[in-house]
Amino acid sequence: MGKPVWTRTRDQGKQWLKGQYPIFPQANTKFQIVLEGIVGQFGLGDIAIDDIVVYQSCPNEDRLCSFEDPKLCSYS
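And the structure:
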């Protein structure tokens, strides 16, 4: 495996945060998405990952709508 392309450390707060990373594999090649968590000091720490999505092309913002922010999704 190669080096990490996206990492987070320390407290990220109590809100869900969105992260995106574009990948462009060559046609007809296999690839892996690896998620790794490392135990914190004294065995303490939490990690939560939700809604992992892989698109065939770059999604527009409407496809990424969470409905938690009405302004983001253009609905009323």
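Using full-length UniProt numbering, read the sequence shown as starting at 1 and increasing by one per residue. Idealized CB from N, CA, C, for every residue including glycine.
What is the rounded straight-line gap between the Cα of TYR75 and the Cα of VAL39?
One-based indexing of the sequence shown puts residue 75 at position 75. One-based indexing of the sequence shown puts residue 39 at position 39. Confidence is the limiting factor: at TYR75 the pLDDT is only 46, short of 50, which leaves the residue's position unreliable, though a coordinate-based value still follows. When rounded, the distance between both Cα atoms is 40 Å.
Closest to ILE23 by CA distance: which of THR9, GLY43, VAL5 and ASP50 is it?
In the sequence shown, counting from the first residue as 1, residue 23 sits at position 23. For the set THR9, GLY43, VAL5 and ASP50, the Cα lying nearest the Cα of ILE23 is the one of VAL5.
Just tell me which of LYS3, GLY19 and THR9 has its CA closest to the CA of VAL53.
For the purposes of this step, residue 53 is taken as residue 53 along the sequence shown, with counting starting at 1. Ranking LYS3, GLY19 and THR9 by Cα distance to VAL53 puts GLY19 first.
State the DSSP-derived secondary structure class of GLN26, mapped to helix, strand or coil.
The residue labelled residue 26 in the question sits at position 26 within the sequence shown. Under the three-state reduction of DSSP output, GLN26 falls in the coil class, being neither helix nor strand.
Is DSSP giving LEU17 helix, strand or coil here?
Sequence index remark: in the sequence shown, residue 17 carries index 17 (1-based). Here LEU17 sits in coil by DSSP.
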